[in-house]
Amino acid sequence: MTNDSSLSTIVVVRNPQGLHARPADMLVRLANQFDSTIKIGKGSEHVDCKSILSLLTLGAAAGTELSISAFGSDADAAIQAIVELFEAGFHEMNDDEE
Amino acid sequence: MVELQGIPVSPGVAIGPALVLDADGYRIPRCLVAADEAEDEYARLSEAVDFVSARLETNRLETSAAAGNSTGDIFAAQLQMLHDPRLHAELGRRIRDDHQSAPYAVSRVLNNYATALRRLDNPLLADRAEDVLDIEKQLLFELGAVTRQPLADLSEPVIVLAHGLTPSETASLDRRYVRGFCTETGGPGGHTAIVAKGLELPAVVGIGPFLDSVNSAASVIVDGDRGRVIIDPDEQVLREYRKRLADRRSLTARLAELKDLPAETADGLKLQLSANIEFPSEAEGCLQRGADGIGLYRTEFLYLSSDREPSEEDHYEAYSQVVREMDGRPVVIRTLDLGADKMGKRPLAENEHNPSLGLRSIRLSLRNSNLFRPQLRAILRAAVHGDIRIMFPLITTISELRQARMLLNVVAEDLQDSGIPYRSDIPVGMMVEVPAAVVMLDVFAHEVDFFSIGTNDLAQYTLAVDRSNEYVANLYQSCDPAVLRLIAHSVEVANANNIPISVCGEMSSNPARALLLIGLGVRCLSVPPSALHRLKKAIRSVTREQCEQIAERVMKLQTAKDVDLYLLDRLEALVPELIVS
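Chains A and B, in that order, are what the protein sequence lines are. Following this note's numbering, the numbering of the first sequence begins with 1 at its first residue and continues without gaps. Following this note's numbering, the numbering of the second sequence begins with 99 at its first residue and continues without gaps.
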């Protein structure tokens, strides 16, 4: 419980259309399942992973490298879940509906 | 008191209360609440958020049911935006700490996000800006702040403050109540500027970001002569400006006495002084001010002021009204000059990287004969009612001119075959506004009845400066010596070939520059109606020889600045009455 940890890692945006509205929505929903403070960003620009407007204004296109950091009791699980979501390309690799 | 500097585009002074428009034309004034009401204001916002949230949820479920989950998810993303923690932190800060009203805070914050999204180099994300603005509107509506009171419903005098105004928005400003405007964007030669001049609305554009700091209760002075905007002026400044306003009114009244006198120099050189108009309703004012005719009737506003394409009858009615009103005086109708920043709502060309060099003006007309033919037919039909002349804009090569003339002949034959009354013996002229045309002007001289120099575009194409681009607008100088040499050459060629040449660009409406043009041999000037009296005053105050001396000296100068300073100095010496403080 009191075992707060700070972790960070790098992910790559794999889905062809980048971090647009739907993936951003999924990412925020996932992040909200964790108590940890989660930051995501590229270069020196880091934003709150629980804020969809901030995520969208990152303008992360396919291929963008993003660094993710989490701080809190469940930081470990949060990072792992987010990495999985990115790896899976937000489940829309072959989705051209949007 | 806050003083701002912008680009003066339409002369005059206006004083009045501020009306701040956001990008969509909603009126969300910067409004503060009392410190002890801030909590209530925040509660009001929370209630509005709940309402909008419930509505979005309903939309999501209904849309998902009807069109599938992935479409319904659009609303899921919007819901996520509505409950965004950063958004609420920012709104909370503005309302609780800065005591801003909820509507103002909502409008600013969401517009900032929308702007940030639009700036991204990703069309998919840029489109999300619309979602953000949609949330803004819904919240504003719930807060009772969307007044649904467009500018048309004004009931008291105001000064309009906006991020930007399009030419058609400017044209639809209610002249009874709007006294002037100032915008964050825009440049000196843009068409918004031309419309402002036409409407005689003092205007300053290209101020840069300033709306954020303007209070709705502020009083504002727009100084369209110097490009200055003063927010909440102090007593002394207000007094000075009230005096200037009074001085201007009395000058206007004195100049108006010239209206029935001819536009001739002190030594009797007769000039043709005509007016530029965009709307048929302006013709009456031109007559009242003693214009010798309409030297440039810009027809674009037929296209810009309505969503549908104007029909042949729309054209015909407008032209007939003008030519009847002008009662035998010449009316030069310029054919469609759409393109570049004058694009209407129809996508006439997409993805043009460089619209000024793209499919615009006569190029567009020749490519879209379904657009061009109705206009040509209407012009020939309206010619039955008076002295109509037709002018083609942006002619660059002789073959363009020949194509346009041929189409005019074809249209005349069609009218002949259908037995519709028309006249085909009308003078045909061209705008001289592309350097290529200036260079080849002797060739054109054999195939037109008149020339008209459009100084705005001529300067733009000569100096390679987009006059509506705020970053380079300062490089746009219509008195640049290179431009002046092209004008001088054109006048020489036209006079040598006995082809009348007029100058209808903004250059001719400046009295000092007009004297220069007369010195260069120009005998016809066409200016905005508001400038007619000033011009006439200048012309009647000088001799032909004085103008020629001005021209001789100016043609030896090397920079636009030197030219402008010298011209201002001459005007002060020759026509001191026109120099207003």
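Every residue, glycine too, gets a C-beta built ideally from N, C-alpha and C.
Backbone CA spacing between residue i and residue j [nearest angstrom]
i, j, result
"Glu415(B)", "Pro408(B)", "11 Å"
"Ala438(B)", "Leu556(B)", "Unreliable positioning characterises Ala438(B) in this predicted model, as indicated by a pLDDT of 46, which lies under 50. The coordinate reading is nonetheless provided below. Straight-line Cα distance between these residues: approximately 15 Å."
"Asp196(B)", "Asp310(B)", "13 Å"
"Cys129(B)", "Asp332(B)", "21 Å"
"Glu139(B)", "Glu240(B)", "13 Å"
"Ile172(B)", "Leu154(B)", "10 Å"
"Gly619(B)", "Thr57(A)", "58 Å"
"Asp148(B)", "Leu237(B)", "10 Å"
"Arg347(B)", "Asn593(B)", "39 Å"
"Glu160(B)", "Phe279(B)", "44 Å"
"Thr283(B)", "Pro525(B)", "40 Å"
"Thr494(B)", "Ser459(B)", "11 Å"
"Val532(B)", "Tyr559(B)", "6 Å"
"Met26(A)", "Glu267(B)", "40 Å"
"Ile551(B)", "Leu102(B)", "34 Å"
"Val335(B)", "Asn572(B)", "28 Å"
"Pro627(B)", "Leu297(B)", "9 Å"
"Met18(A)", "Ala60(A)", "Looking at the sequence shown, residue 18(A) is not Met but Gly. About 6 Å."
"Arg158(B)", "Glu228(B)", "17 Å"
"Tyr574(B)", "Val563(B)", "6 Å"
"Tyr339(B)", "Ile113(B)", "8 Å"
"Asn209(B)", "Thr553(B)", "38 Å"
"Arg565(B)", "Gly304(B)", "12 Å"
"Arg246(B)", "Tyr202(B)", "Unreliable placement is indicated for Arg246(B), whose pLDDT of 43 sits below 50; the coordinate value is still reported in the next sentence. Cα to Cα, Arg246(B) sits roughly 16 Å from Tyr202(B)."
Where residue i falls: helix, strand or coil (DSSP)
i, result
"Asn374(B)", "strand"
"Leu119(B)", "strand"
"Leu436(B)", "coil"
"Asp390(B)", "coil"
"Gly383(B)", "helix"
"Cys645(B)", "helix"
"Lys357(B)", "coil"
"Lys635(B)", "helix"
"Ala132(B)", "coil"
"Arg246(B)", "Residue confidence is low: Arg246(B) scores 43 on pLDDT, short of 50, so the model does not pin down where it sits. Its coordinate-derived value is still stated next. Reduced to three states, the DSSP call for Arg246(B) is coil."
"Gln103(B)", "strand"
"Asn595(B)", "coil"
"Ala88(A)", "coil"
"Leu222(B)", "helix"
"Ile551(B)", "strand"
"Ser67(A)", "strand"
"Leu623(B)", "strand"
"Val256(B)", "strand"
"Gly456(B)", "coil"
"Ala364(B)", "coil"
"Ala610(B)", "helix"
"Val13(A)", "coil"
Distance CB(residue i)-CB(residue j) smaller than 9 Å
i, j, result
"Val430(B)", "Ala381(B)", "no"
"Lys368(B)", "Glu376(B)", "no"
"Gly41(A)", "Leu66(A)", "yes"
"Arg632(B)", "Cys577(B)", "no"
"Ser5(A)", "Ala62(A)", "no"
"His46(A)", "Ser69(A)", "yes"
"Ala212(B)", "Leu231(B)", "yes"
"Val107(B)", "Pro286(B)", "yes"
"Ala502(B)", "Leu478(B)", "no"
"Val652(B)", "Leu665(B)", "yes"
"Cys602(B)", "Asn374(B)", "yes"
"Gly391(B)", "Arg422(B)", "no"
"Ile193(B)", "Leu143(B)", "yes"
"Thr290(B)", "Gly322(B)", "no"
"Met528(B)", "Asp485(B)", "no"
Any non-hydrogen atom of the ligand MN closer than 8 Å to residue i Cβ
i, result
"Asn452(B)", "Absence of the ligand MN is noted for the structure shown, with no ligands found whatsoever."
What residues in the stretch 208-225 of chain B bring their beta carbon closer than 8 Å to a beta carbon of chain A?
Here the close residues are Tyr211, Ala214, Leu215, Leu218, Asp219, Asn220, Leu222, Leu223.
Taking a cut of 9 Å between CB atoms, which residues from the stretch 4-25 of chain A lie near chain B?
Residues of the stretch 4-25 of chain A with a C-beta atom less than 9 Å from some C-beta of chain B are Gln17, Gly18, Leu19, His20, Ala21, Arg22, Ala24, Asp25, listed in chain order.
Tell me the start and end of each unbroken alpha helix (DSSP H) in the stretch 268-342 of chain B that is at least 4 residues and wholly inside, in chain order.
The stretch 268-342 of chain B contains these whole alpha helix (DSSP H) runs: 289-297.
If the cut-off is 9 Å on Cβ atoms, which residues from the stretch 63-74 of chain A count as contacting chain B, listed in chain order?
Those would be none; no residue qualifies.
In chain order, what residues of the stretch 52-63 of chain A put their CB closer than 7 Å to some CB of chain B?
Answer in chain order: Ile52, Leu53, Ser54, Leu56, Thr57, Gly59, Ala61.
In chain order, which beta strand (DSSP E) runs of at least 3 residues are fully inside the stretch 34-61 of chain A?
The qualifying runs are 37-42, 45-48.
For the stretch 172-187 of chain B, which residues have a beta carbon sitting closer than 8 Å to at least one beta carbon of chain A?
For the stretch 172-187 of chain B, residues whose beta-carbon sits nearer than 8 Å to a beta-carbon of chain A comprise Ile172, Ala174, Ala175, Gln178, Met179, Asp182, Pro183, Arg184, Leu185.
Counting only Cβ-Cβ distances shorter than 7 Å, please list the residues of the stretch 25-50 of chain A near chain B, keeping chain order.
Of all residues in the stretch 25-50 of chain A, Asp25, Val28, Asp48, Lys50 have a Cβ within less than 7 Å of some Cβ in chain B.
Could you give the uninterrupted runs of the beta strand (DSSP E) lying entirely in the stretch 480-543 of chain B, keeping only those of 3 residues or more?
List check, beta strand (DSSP E) in window: 486-490, 526-530.
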